[in-house]
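I have placed the structure first, in the form of structure tokens, so that the comments after it can refer back to it.
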Amino acid sequence: MRDIVRGQRIFSVQQLLDIYGNGLGCEVCKPALSYMMDVVWCGDHDEDRSARYINDRVHANIQKDGTFSVVPRMRGGVTSAKELRRIADVAEKYNVPMVKVTGSQRIDLLGVKKADLPKMWADLGMSSGQAYTKGVRMVKTCVGTDFCRFGVQDSTKAGIELERRLEHLFTPAKVKMGAVGCPRNCAEATVKDIGIVGQEGRWQVVVGGAAGKKVRKADLLITVESTEEALQAATLFFQYYRENANFLERTYDFIERVGISKVRRETVYAPLATQQGLRERLRKSKRIARDAWLEGDEPRHPTQFVQIEPLEKVYQ
Amino acid sequence: MSETNSVTKKWVRLTSISNIPLREGRVVQIAGRDIAIFNLGNRFLALENKCPHRGGPLADGIVSGGNVVCPLHAWKIDLATGEAVNRTDNPPCAKTFPARLENGVVSIEIAIADSNEAQISTNCIVSTSPGPYLNGNASSEV
């Protein structure tokens, strides 16, 4: 399918459905094809919003009562007094019914009306935390070497940098990451999709961990000496997963299906050209990726967020 | 909702079709009710923006042929009849409304009761008892 899309230069889900499908598609295939378009064309495709989940149409997570949640990006879980004050002001201004600290070291504003989303994003002045999508969720970090008595690697800085390099990208299923400054594992990097674990003079890069419906200890991808090498290994695996996993397949299922030795062979121990290919495609995707919340100012469609007023009123 | 003897049907102009993107739904509130209007390219369909399962906003669902899939728990609702097509337990329907297009404007037909309360007609056979989950405590199924 990917070869067809690439070879025949098909750029949208609808185009693919018209040529090779029944022209309609369904709720299962459309989001999957939408992701495939994104990965084949490194984001340079014609995105059909109607083929995406509501979360990806309005960049917020739908809740059981039809309201949405807003999670701004707070890289590495690090914030400031000024930022917290702004979040508090926004929560009050829009009467946010619940403000919750998440498991990913973020702040969740729950119970928001769709029409308020763009105004809240503007007032927050922060970028999307992508807490609603199959994409880069977060890098959870511990306090690293700046304050911790035990930290042997600057996991806070490394985690923030990892988040910067990958944020705003889409993935087959959500990707949660962690960076810890010592093997005590305070930010739980060994049960994340991608983790970097600081040790004396080196980093372990681990992949395929989970602590959700399934609990799985991550497998070791590689041990390296420098932080930059650790970030490179992590991003290499990240792109490999983007290109090879099935839609909705989390890293822990992907690793078990493919096997960690094959993953190692085709990423960190792959020939240089293969590695360069992965890096180049990641770079291209990253160049095109943008903060989804910028759509608050430039909506994709005039009624994307607004409540439509009827042309005629019915008086009761 | 009590039926009265003098119910008049009325076509009400809701919105320009340009406000509803292709293969998506949008909500217009009328007579205190949220109406979801869907643009299927060759036709526009209207139904109450309320999934018969747990009241999910159908306008936010993914259009799948002539159906919409509720964004909360994936009930698949036939946009023309309001029936839940992927359920076998004979669940209640979503309320649907006759819709038409005139000079680029979508209208729906609603019934206005000759009482203080505006009534909205439905062409779907709706069970009068609430669905099994409507008043229950929702578990956290995702």
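Same order as they appear, the protein sequences are chains A and P. Residue 78 in the working numbering sits at position 78 of the first sequence, and the numbers go up by one each step. Residues are numbered in the working numbering as their position in the second sequence, beginning at 1, plus a constant of 316. Backbone N, C-alpha and C define an ideal beta-carbon position, used for all residues, glycine too. Note that the coordinates shown come from a computational prediction; the quantities given were computed from them, not determined experimentally.
Residues of its chain near residue i, where Cβ-Cβ distance is below 7 Å and the 5 sequence neighbours each way are ignored
{"i": "valine 328 of chain P", "result": "Ile346, Ser423, Ile424, Ile426"}
{"i": "methionine 120 of chain A", "result": "Val70, Val90, Tyr94, Val112"}
{"i": "leucine 166 of chain A", "result": "Val136, Thr235, Phe238"}
{"i": "valine 268 of chain A", "result": "Leu221, Ile222, Ala233, Leu236"}
{"i": "histidine 301 of chain A", "result": "none"}
{"i": "arginine 73 of chain A", "result": "Met126, Ser127, Ser128, Gly129, Glu167"}
Close beta carbons around residue i, own chain, < 6 Å, minus the five adjacent residues each side
{"i": "phenylalanine 338 of chain A", "result": "Nothing about residue 338 of chain A can be read from this structure; chain A reaches only from 1 to 316."}
{"i": "lysine 34 of chain A", "result": "The sequence shown places serine at residue 34 of chain A, not lysine. The answer, listed in chain order, is Val13, Ala51, Arg52."}
{"i": "tryptophan 391 of chain P", "result": "Cys367, His369, Ala400"}
{"i": "glutamate 433 of chain P", "result": "Because glutamate 433 of chain P carries a pLDDT of 48, less than 50, the predicted location of this residue cannot be relied on, and no value is offered for it."}
{"i": "aspartate 154 of chain A", "result": "Gly144, Thr145"}
{"i": "arginine 57 of chain A", "result": "Arg49"}
{"i": "valine 379 of chain P", "result": "Arg339"}
{"i": "asparagine 355 of chain P", "result": "Ile336, Leu338"}
{"i": "isoleucine 260 of chain A", "result": "Asp219"}
{"i": "aspartate 394 of chain P", "result": "Asn383, Val401"}
{"i": "alanine 32 of chain A", "result": "Phe247"}
{"i": "valine 40 of chain A", "result": "Arg2, Val5, Arg6"}
Per-residue contacts from residue i into chain A (C-beta, under 8 Å)
{"i": "isoleucine 393 of chain P", "result": "Per Cβ cutoff of 8 Å: no residues; isoleucine 393 of chain P is ~11 Å from chain A at best."}
{"i": "valine 421 of chain P", "result": "Leu311"}
Neighbouring residues, chain C, relative to residue i (Cβ below 8 Å)
{"i": "threonine 303 of chain A", "result": "No chain C is part of this structure, whose protein chains are labelled A and P."}
Contacts of residue i in chain P (Cβ-Cβ under 7 Å)
{"i": "isoleucine 160 of chain A", "result": "Per Cβ cutoff of 7 Å: no residues; isoleucine 160 of chain A is ~30 Å from chain P at best."}
{"i": "lysine 100 of chain A", "result": "Simply none; closest approach about 15 Å."}
{"i": "serine 50 of chain A", "result": "Pro337, Leu338, Arg339, Glu340, Val379"}
Neighbouring residues, chain P, relative to residue i (Cβ below 8 Å)
{"i": "tyrosine 53 of chain A", "result": "Ile378, Pro387"}
{"i": "glutamine 307 of chain A", "result": "Val343, Gln345"}
{"i": "leucine 17 of chain A", "result": "What leucine 17 of chain A touches in chain P: nothing, since even the nearest Cβ is about 10 Å away."}
{"i": "leucine 24 of chain A", "result": "Ser380, Gly381"}
Top-ranked residue by Cα proximity to residue i, from the options
{"i": "aspartate 123 of chain A", "options": "A/Gly103, A/Gly129, A/Glu83, A/Gln130", "result": "A/Glu83"}
{"i": "glutamate 364 of chain P", "options": "P/Ser332, P/Ala375, P/Gly357, P/Val421", "result": "P/Ala375"}
{"i": "lysine 114 of chain A", "options": "A/Gln307, A/Glu256, A/Ile196, A/Asp56", "result": "A/Gln307"}
{"i": "threonine 274 of chain A", "options": "A/Glu312, A/Cys29, A/Ala179, A/Glu243", "result": "A/Glu243"}
{"i": "proline 387 of chain P", "options": "A/Pro72, A/Phe68, A/Arg73", "result": "A/Phe68"}
{"i": "alanine 131 of chain A", "options": "A/Phe170, A/Val180, A/Arg86, A/Asp38", "result": "A/Phe170"}
{"i": "methionine 138 of chain A", "options": "A/Val197, A/Glu188, A/Leu248, A/Gly76", "result": "A/Gly76"}
{"i": "leucine 294 of chain A", "options": "A/Lys100, A/Ser127, A/Gly103", "result": "A/Ser127"}
{"i": "arginine 283 of chain A", "options": "A/Gly178, A/Arg164, A/Glu309, A/Gly159", "result": "A/Arg164"}
{"i": "leucine 417 of chain P", "options": "P/Thr324, P/Ala362, P/Asp394, P/Gly398", "result": "P/Ala362"}
{"i": "alanine 211 of chain A", "options": "A/Ala187, A/Leu231, A/Gln204, A/Glu229", "result": "A/Ala187"}
{"i": "valine 314 of chain A", "options": "P/Gly348, P/Asn419, P/Ser332, P/Gly341", "result": "P/Gly348"}
{"i": "cysteine 409 of chain P", "options": "P/Gly420, P/Val421, P/Asn383", "result": "P/Asn383"}
{"i": "glycine 209 of chain A", "options": "A/Ala292, A/Glu256, A/Gly66", "result": "A/Glu256"}
{"i": "serine 104 of chain A", "options": "A/Ala189, A/Val5, A/Phe254", "result": "A/Ala189"}
{"i": "glycine 381 of chain P", "options": "A/Met74, A/Cys26, A/Ile54", "result": "A/Cys26"}
{"i": "asparagine 419 of chain P", "options": "P/Lys326, P/Lys325, P/Ile333", "result": "P/Ile333"}
{"i": "glutamate 225 of chain A", "options": "A/Val96, A/Val205, A/Asn55", "result": "A/Val205"}
{"i": "lysine 196 of chain A", "options": "A/Lys176, A/Val258, A/Gly296", "result": "Sequence inspection shows isoleucine at residue 196 of chain A; the lysine mentioned does not correspond to that position. Nearest of A/Lys176, A/Val258, A/Gly296 to isoleucine 196 of chain A, Cα basis: A/Lys176."}
Within chain A, partners of residue i - CB distance below 7 Å
{"i": "leucine 330 of chain P", "result": "Pro310, Leu311"}
{"i": "glycine 372 of chain P", "result": "Gly66"}
Bridge-paired residues (DSSP) for residue i
{"i": "proline 97 of chain A", "result": "Answer by DSSP bridge pairing: none, since proline 97 of chain A is not bridged."}
{"i": "valine 344 of chain P", "result": "A/Ile308, P/Ile351"}
{"i": "leucine 361 of chain P", "result": "P/Phe354"}
{"i": "aspartate 154 of chain A", "result": "Beta-bridge pairing links aspartate 154 of chain A to no other residue."}
{"i": "phenylalanine 413 of chain P", "result": "P/Ala362"}
{"i": "methionine 138 of chain A", "result": "A/Lys176"}
{"i": "alanine 234 of chain A", "result": "Beta-bridge pairing links alanine 234 of chain A to no other residue."}
{"i": "threonine 223 of chain A", "result": "A/Gln204"}
{"i": "isoleucine 378 of chain P", "result": "P/Val385"}
Own chain partners of residue i with C-beta closer than 8 Å, once the 5 adjacent residues on each side are dropped
{"i": "alanine 60 of chain A", "result": "Phe68, Ser69, Val70, Val112, Lys114, Leu117, Tyr132"}
{"i": "arginine 264 of chain A", "result": "Leu221, Ile222"}
{"i": "arginine 290 of chain A", "result": "His168"}
{"i": "asparagine 55 of chain A", "result": "Asn61, Ile62, Tyr132, Thr133"}
Within chain A, the residues that residue i reaches when beta carbons sit closer than 9 Å
{"i": "glycine 398 of chain P", "result": "Ordered by position in chain A, no residue passes the 9 Å Cβ test against glycine 398 of chain P, which lies about 18 Å from the chain."}
| request: Taking a Cβ distance cut-off of 7 Å, strictly less, list which residues of the region 56–85 of chain A are near chain P, in chain order. | output: Ile62, Lys64, Gly66
| task | Could you please tell me which residues of the region 260–292 of chain A, in chain order, have their CB closer than 8 Å to any CB of chain P? | result | none
| said: Please identify, using Cβ separations under 7 Å, the residues of the region 27–43 of chain A that lie next to chain P, in order along the chain. | reply: Glu27, Lys30
| Going along the region 244–255 of chain A in order, which residues come within less than 9 Å of chain P, judged by CB to CB distance? | none
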